[in-house]
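So the protein sequences, as listed, match chains D and F. Counting in my numbering, the first sequence runs from 115 upward without gaps. Counting in my numbering, the second sequence runs from 7 upward without gaps. Quick reminder that beta carbons are idealized off the backbone N, C-alpha and C, glycines included. Note that this is a predicted model, so its numbers are computed, not measured. Only one structure is covered here, and it is reproduced in the block below.
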Amino acid sequence: MSGLLHFVDSSIVVYFVILNSFYALLLLLAIPEIWEETRLSEDEDLSRLLQTDAPPPISILVPAFNESANIQASVTAILTLDYRTYEVIVINDGSKDDTMDRLQDAFDLYEVPRIYPEVLTTQPIRALYRSRTRPRLLVIDKENGGKADSLNAGINASRWPLVIAVDADTLIEPDAMLRLIRPFLFGQRVAAVGGTVRVANGAVIRDGRVLEPRVAPRFLPGVQVVEYLRSFLYGRLGWNRMGGNLIISGAFGLFRKEYLLDIGGYKTSSIVEDFDIVVRLHRRLRDRRVPYVVRFVPDPVAWTEVPESLAVLGRQRERWHRGLILTLWLYRSMLFRPRYGRIGFIAMPFFLFGEMIAPVVELVGYVVTAIGMWQGFLNLSFALLFLLVAWGYGMLLSIWGIVLEEVGFRRYSRWSDLGRLLFYATLENFGYRQLTVWFRLRAFWSAIRYRHVWGRMVRTGFAPAGSGPRS
Amino acid sequence: MTARQLLLIVALIQGVLLVALMGLILVNRWVQARKRAHLQPRRAVLDAAMRGWAMSETNPDLVVRALEALPRAAAVESLVAWASRLPGERWRALAIDLSHRPWAARLRAATRSRQWWKRLEAARFLSVVSTPDDLQILARLLQDPHPAVHIAAAAALERTVDPGLVKLVLQRVPDMASPVQAYYAAVLRNSHAIAVPMLIDRLSQVYDAGLSRMVEFVGRLGDAGLREPVTALAEHRSAEVRVQVARALGVFPHPRSVVALGLLATDSAWEVRAQAVRSLGRIADPTSLETLRARLRDAEWWVRLRAALALTRLGAPGRDALLAAEVGAQADARFVSRLILGLSNQALGEFAA
């Protein structure tokens, strides 16, 4: 018994060391990347760019299902972006609330016939509408088919060579699109590019614009600010340099349409369509030996509302992890295949061993430690020391995310917000982290049962014009 | 060393790092706040000097001194911001005055730096205050391996008209991605007189591998002097070139363009036909009515759609052609005509753009 426990214990220690060394590598790689991106964003002459035809035309796809609370604010904000040539396609995915009525009232819609072929098969289209007040806007009213199906309907209707998927509960900053197309302006062969998604809860919002970013005083949305900073500012930047970005956020990601059509659009059976589509893009382009890049650019920003209740957070995290498990299983043939280069040898193995099984290892660690101490095989002070190091490392990574934010962007200018960020980064490892481990463990069970069910997200809606901060 | 000792050391290092990172955050905030406090009054002095000089109330020495008082990056930033607000004559005088200053000489020297960000700063500086003495430096920057540097340097072409620089840019056009090409076409708008003869020469090399990209670029420039050489390529053997010719001819409203587009509208490649009927719609010449009417029966959906949209640009005769096709014998033409006739004028404008 003691031999077995020691073996499991040693394995966990080795796993811990390897995984955290990899995180340290990502962290180090993120430093030159954020430095370079910050320099470029500071020196970019956006007003000159706006006066030329250089920014490529873009179709913005906004899938909406029961988004009555936010739809008017977010579509209005998207319609007033600083960008020359773009169209906005809102896809009402058979909403059961009054999303369609809100759109109708806000934008004075009138029905138009469909004048494009259905390249990607989708649920039936009920009607198409254009706006009398906003010529850029096209609204598709269709039968419910899920987010991926809505995006496919939007791709069918889009006219421009680049499409960007934006969630209806997301507020895009006015210059975000101009910043997002930087890799195109640099002549890179871009297949997809993603921007930063930040947490809108707690911010001062007026007319669909975030006027003053703030860290929510409530623990749950506040701690997610730290999580998002860590995930975007060093995770994805590190992957940029490693050449293996596997995730472009579904809330704010730009794709070359010809590639999306080539892989048959979004997969309607996937519950994490953003992860699935990037993996499929990598696979197809590497199969065909097409030179390409999938990049993350940190300075274009979109703001999103995050769950404020444990129940909703649990459903969201369970779905994300279930999607990760199912997607990795589906594309397991890419693992360790030379043809897929860094994707097959670094990125996918990391997501498999580092992300997917991490909650299992963590649970086993807690259980083995408890048994070991109960049976007297493990020394209490040693176990506590190990736990302290593990949690301390997590804290270090979170604070590193805050350092990158402070050095690179400093969106949260108030000292109280900085204090909250540091406070949440410290507390995150005590309770919240274990909770997310539990949510992710639940995903294994539901993945076995293969449930294609999306968690329900309760929207409170962005604050109306003239209102103060929302908490 | 025992495992416990190792863990203790790791924990200690982590603790030190945590404190150091928190300290870094606080120090960074403090430093930034001090920098801002120092910069703001100096920026205000520069803005006042610039305003005074723009209204001929002060001499450029004050402007230069105010610039020198700022950190280099902030000075370049201010210069770029002011460049678009001041009249050309006064700006050129400032550029010449600046060229003799050691401060500017250091920036010019940075164009040879091994660090791209220093070259970028220098390129931004020269993009607004370059003089005829800087042509060689600009030529080097335009060939810089870092895209941000050559994009920044290219802005100088809006103010500097020089055959050598234009030639250099045109040589690189075939390797440029579309957005980059569009950017260069915009900054060359004051250099058409030099660029056009060079482009005519380049378009005459019909077996040039980069010909389609050159024709695409010509379409973006839209200079009337380039119409004839583009029209001459309408029968080029490469479909890729013909697509670009069909697209470019849409910006040259001329009877010969219409004839060439009529030919391209019957091309074997549907991409060429679609582009040709679209360009015919842009030109909206009444003589293209029959060509467009015939394309309503094209085998390819996009060609039929573009032909129907183009017909709406021909006024009453085009609408009559669509009404006739709507009740005609050919099913595809019937369908596409019905679709287009069902669109409002606003929607038509949107789709046809």
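Residue from the options whose Cα sits closest to the Cα of residue i
i      : options                           : result
D/P331 : D/V122, D/L535, D/A241 and D/Y546 : D/L535
D/E156 : D/V313, D/G522, D/T550 and D/S527 : D/G522
F/L30  : D/L541, D/L518, D/R528 and D/L555 : D/L518
D/L511 : D/L334, D/L133 and D/A290         : D/L133
D/Y230 : F/W307, F/A339 and F/R319         : F/W307
F/V51  : F/L320, F/E127, F/E74 and F/V22   : F/E74
F/L45  : F/L13, F/R78 and F/S62            : F/R78
D/L587 : D/W552, D/E287 and D/L502         : Because residue 587 of chain D is not part of the residues shown, which for chain D are 115 to 585, the question remains open.
F/A54  : F/P261, F/D67 and F/A188          : F/D67
D/K385 : D/R293, D/G437 and D/A306         : Inspection of the sequence shows that residue 385 of chain D is occupied by Ile rather than by Lys. Looking at the Cα atoms, D/G437 is the closest of the given residues.
D/L375 : D/P405, D/R429, D/W514 and D/A305 : D/A305
D/S245 : D/R528, D/T236 and D/V189         : D/V189
F/A115 : F/V22, F/R312, F/M56 and F/I143   : F/I143
D/L442 : D/V339, D/V415 and D/F389         : D/F389
F/H106 : F/D150, F/R125, F/R71 and F/L76   : F/R71
6 Å Cβ shell around residue i - same chain, five flanking residues per side excluded
i      : result
D/G268 : L175, I203 and I205
F/R279 : A271, D273 and V309
F/P235 : I206 and L209
F/V172 : S197, I200 and A201
F/R6   : This structure cannot settle anything about residue 6 of chain F, because the visible part of chain F is limited to 7 through 359.
D/V337 : Y538, E542 and Y546
F/A101 : V135 and T137
Straight-line Cα distance separating residue j from residue i
i      : j      : result
D/S135 : D/E372 : 38 Å
D/R248 : F/S350 : 14 Å
D/R584 : F/V249 : With a pLDDT of 31 at D/R584, under the threshold of 50, the modelled position of that residue is not reliable, and the figure given next carries that caveat. Roughly 54 Å separates the two Cα atoms.
D/G309 : F/L302 : 42 Å
D/R456 : D/E387 : 22 Å
F/A1   : F/S263 : Any answer about residue 1 of chain F is impossible in this case: the structure gives chain F only from 7 up to 359.
D/R427 : F/W122 : According to the sequence shown, residue 427 of chain D is Leu rather than Arg. Looking at the two C-alpha atoms, the distance is approximately 44 Å.
D/R108 : D/L343 : Past the boundaries of the shown model lies residue 108 of chain D; chain D is included only from 115 to 585, so the question cannot be answered.
D/A577 : D/W417 : Here D/A577 scores only 46 on pLDDT, less than 50, and its place in the model should not be relied on; the value that follows carries that caveat. Cα to Cα, the separation comes out at about 13 Å.
D/G322 : F/F258 : 42 Å
F/A159 : F/P323 : 50 Å
D/F130 : D/S264 : 41 Å
D/E422 : D/V329 : 13 Å
D/Y452 : D/D401 : One detail in the question is off: residue 452 of chain D reads as Pro in this sequence, not Tyr. Cα to Cα, D/P452 sits roughly 11 Å from D/D401.
D/P171 : D/F121 : 58 Å
F/A188 : F/A162 : 16 Å
D/D159 : F/L298 : 43 Å
Beta-carbon contacts of residue i that lie in its chain and below 7 Å, excluding the five residues immediately before and after
i      : result
D/N359 : R350, W353, V408, R409 and F410
D/G580 : Because the pLDDT at D/G580 is just 35, under 50, the model does not fix this residue reliably, and the value given afterwards should be weighed accordingly. Taken in chain order, the residues that qualify are R320.
F/A191 : F223, R226 and L227
D/G208 : K256, E257 and N258
D/D215 : none
D/Y445 : V393 and R397
D/M448 : R397, Y454, I457, G458 and M462
F/V167 : N196, S197 and I200
F/S285 : A252, R253, L255, G256 and L267
D/F544 : none
D/L299 : A168
Own chain partners of residue i with C-beta closer than 8 Å, once the 5 adjacent residues on each side are dropped
i      : result
D/I439 : M470, A557, F558 and A561
F/L247 : As written in the sequence, residue 247 of chain F is Val, which differs from the Leu given in the question. Closer than 8 Å at the Cβ level, and outside the excluded window around F/V247, lie L217, S218, V221 and L239.
D/G582 : Bear in mind that the predicted position of D/G582 carries a pLDDT of just 32, short of 50, making it too unreliable to give a figure here.
D/D212 : S182
beta-carbon residue i near the ligand HEM non-hydrogen atom, thresh 6 Å
i      : result
D/D157 : Absent from the structure shown: the ligand HEM. Ligands present: none.
Per-residue contacts from residue i into chain A (C-beta, under 8 Å)
i     : result
F/L24 : Considering every chain present, this structure includes no chain A. Its protein chains are D and F.
Near-chain D residues of the region 184-197 of chain F (beta-carbon distance less than 9 Å), N- to C-terminal order: Cβ contacts with chain D come from S184, P185, V186, Q187, A188, Y189, Y190, A191, A192 and V193.
As an exercise, report each continuous beta strand (DSSP E) stretch of at least 3 residues that is fully enclosed by the region 139-176 of chain F, in chain order. If only uninterrupted beta strand (DSSP E) runs of at least 3 residues are considered, none is enclosed by the region 139-176 of chain F.
Output needed in chain order: residues of the region 120-132 of chain F with a Cβ under 7 Å from some Cβ in chain D. Contact annotation: in the region 120-132 of chain F, residues whose CB is within less than 7 Å of a CB in chain D are W123, L126 and R130.
At 4 residues or longer, and completely inside the region 395-451 of chain D: list those alpha helix (DSSP H) runs for me, N to C. Unbroken alpha helix (DSSP H) stretches of 4 residues or longer found wholly inside the region 395-451 of chain D: 424-444, given in chain order.
Beta strand (DSSP E) segments (min. 3 residues) lying fully within the region 23-85 of chain F: Those beta strand (DSSP E) runs which fall completely within the region 23-85 of chain F and span 3+ residues do not exist here.
What are the residues in the region 80-98 of chain F lying within 7 Å of chain D by C-beta distance? Look at the region 80-98 of chain F: the residues with a C-beta under 7 Å from a C-beta of chain D are V86.
Suppose only complete runs of 4+ residues qualify. What are the alpha helix (DSSP H) ranges in the region 302-386 of chain D, listed by chain order? If only complete runs of 4 or more residues are kept, the region 302-386 of chain D shows the alpha helix (DSSP H) at 333-343, 351-356 and 371-376, in order along the chain.
For the region 119-185 of chain D, list the alpha helix (DSSP H) runs that are entirely contained and at least 4 residues long, ordered along the chain. Restricting attention to alpha helix (DSSP H) runs no shorter than 4 residues, the region 119-185 of chain D encloses them at 160-164, ordered along the chain.
Within 9 Å of chain F by C-beta, residues of the region 227-240 of chain D in sequence order: Residues of the region 227-240 of chain D with a C-beta atom less than 9 Å from some C-beta of chain F are P227, R228, I229, Y230 and P231, listed in chain order.
Chain D contacts from the region 8-23 of chain F (Cβ-Cβ distance under 8 Å): So the close ones are A9, R10, L13, L14, V16, A17, Q20, G21 and L23.
Where the region 224-241 of chain F meets chain D: residues whose CB sits under 9 Å from a CB there: Flagged, chain order: R226.
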